[in-house]
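Asker: The structure's right below; bear with me while I get my questions together.
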């Protein structure tokens, strides 16, 4: 009897440990889900906060003279010869990327600027694709200031965008990563590359 009682006691302990492990696993899974959800919210908030940002590359260090916001406001019309800008571009704030200043001869840090009006930011990005930009003999590039997550999501559309260009279909990639396609005088918006690809294979190619 004593041996049987010991066996039963051990079995109860094992069962108790298994129950605790199951409970812990559920807790860990729940915490992981919460953490993933919080990360998505943080990524979304950061992405939205940078929605009006542009990244300007190629401006020599110290050109802004300690007043980067005013400098960028004056810079944009000069880069584009005032095309499309009927009034001064409003820049909320601007700064060099947050890393140590480069050594002599090294590439200058990019300037991050927040354009007050979204339509002006989009106009800047559209115009920069139509011409080469220069500032005092230096080649200047302007890009959207996306978060790494938004960039990853947008890169997933690479193949779809290539096919749309080949088919000469009017399209645009909306923020943060949605594709708008014009078809039969109407616009359709897709949230994932797979949705867009399915539509292209069933509607556009027929």
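Residue numbers (the numbering used here): 13 to 218. Built from N, CA and C at the ideal position, the CB exists for glycine as well.
#1: For the beta strand (DSSP E) that contains residue 106, what are its first and last residues?
#2: Mapping the DSSP letters down to three states, classify residue 158 as helix, strand or coil.
#3: Got a sec, what are the start and stop residues for the alpha helix (DSSP H) residue 206 sits in?
#4: Alpha carbon to alpha carbon, how far is residue 113 from residue 70? Give it in angstroms, no decimals.
#5: Whose C-alpha, out of 196, 159, 184, is nearest the C-alpha of residue 60?
#6: With residue 68 as the anchor, note down where its beta strand (DSSP E) starts and where it stops.
#7: Pick out whichever of 150, 76, 170, 116 has its Cα sitting closest to the Cα of residue 124.
#8: Below 8 Å between beta carbons: does that hold for residue 101 and residue 89?
#9: At what residues does the beta strand (DSSP E) containing residue 125 begin and finish?
#10: If you run the structure through DSSP and keep just helix, strand and coil, what is residue 172?
#11: With distance defined between alpha-carbon atoms, name the residue in 32, 110, 136, 177 nearest to residue 87.
#12: Thinking just about the alpha-carbon of each residue, which of 54, 21, 28 is nearest to the one in residue 161?
#13: So what does DSSP say about residue 177, is it helix, strand or coil?
#14: Helix, strand or coil: which one does DSSP assign to residue 61?
#15: I'd like to know if the segment 174-185 and the segment 142-158 are in contact, where contact means that at least 3 CB-CB pairs between them fall below 8 Å.
#16: Is DSSP giving residue 83 helix, strand or coil here?
#17: I need the boundaries of the alpha helix (DSSP H) containing residue 141, first residue and last residue.
#18: Would you list the residues sitting across from residue 10 in a DSSP beta bridge?
#19: In the structure shown, what three-state DSSP assignment does residue 151 receive?
#20: Measure the beta-carbon distance from residue 121 to residue 73 and round it to whole angstroms, keeping in mind my assumption that it falls under 8 Å.
Answerer: For this structure:
#1: Counting from 1 along the chain shown, the entry for residue 106 is found at position 94. Note, residue 106: beta strand (DSSP E), 103-108.
#2: Residue 158 sits at position 146 when you count from the first residue of the chain shown. Three-state DSSP puts residue 158 in coil, outside helix and strand.
#3: For the purposes of this step, residue 206 is identified with residue 194 of the chain shown, where counting begins at 1. Residues 205-211.
#4: Counting from 1 along the chain shown, the entry for residue 70 is found at position 58. Counting from 1 along the chain shown, the entry for residue 113 is found at position 101. Rounded to the nearest angstrom, the gap between the Cα atoms of residue 70 and residue 113 is 14 Å.
#5: Here residue 60 corresponds to residue number 48 of the chain shown, with the count starting at 1. Considering only alpha carbons, the answer is 159.
#6: Counting from 1 along the chain shown, the entry for residue 68 is found at position 56. Taken as a continuous stretch (DSSP letters only), the beta strand (DSSP E) holding residue 68 covers 65-69.
#7: As a first step, residue 124 must be located in the chain shown, where it is residue number 112. The candidate whose alpha carbon is nearest that of residue 124 is 76.
#8: Taking the first residue of the chain shown as position 1, residue 101 is located at position 89. Taking the first residue of the chain shown as position 1, residue 89 is located at position 77. Yes, the Cβ-Cβ distance between residue 101 and residue 89 is below 8 Å.
#9: Locating residue 125 in the chain shown gives position 113, counting from the first residue. Counting along the chain, the beta strand (DSSP E) containing residue 125 begins and ends at 123-127.
#10: Counting from 1 along the chain shown, the entry for residue 172 is found at position 160. Here residue 172 sits in helix by DSSP.
#11: Residue numbering aside, residue 87 sits at position 75 when the chain shown is read from its first letter. Cα-wise, what sits closest to residue 87 is 136.
#12: Mapped onto the chain shown, residue 161 falls at position 149. Checking every option, the nearest Cα to that of residue 161 belongs to 54.
#13: Within the chain shown, the letter at position 165 stands for residue 177. Residue 177: helix per DSSP, three-state reduction.
#14: Position 49 of the chain shown, counting from 1, holds the residue named residue 61. The answer is helix: DSSP assigns residue 61 an H, G or I state.
#15: no
#16: Working through the chain shown from its first residue, we reach residue 83 at position 71. Residue 83: helix per DSSP, three-state reduction.
#17: Position 129 of the chain shown, counting from 1, holds the residue named residue 141. No alpha helix (DSSP H) holds residue 141; DSSP gives it neither H nor E.
#18: The chain is shown from 13 up to 218; residue 10 falls before or after that span and cannot be answered.
#19: Residue numbering aside, residue 151 sits at position 139 when the chain shown is read from its first letter. Correct three-state label for residue 151: strand.
#20: The residue given as residue 121 occupies position 109 in the chain shown. The residue given as residue 73 occupies position 61 in the chain shown. At roughly 7 Å, the Cβ-Cβ gap stays under 8 Å, so residue 121 and residue 73 are in contact.
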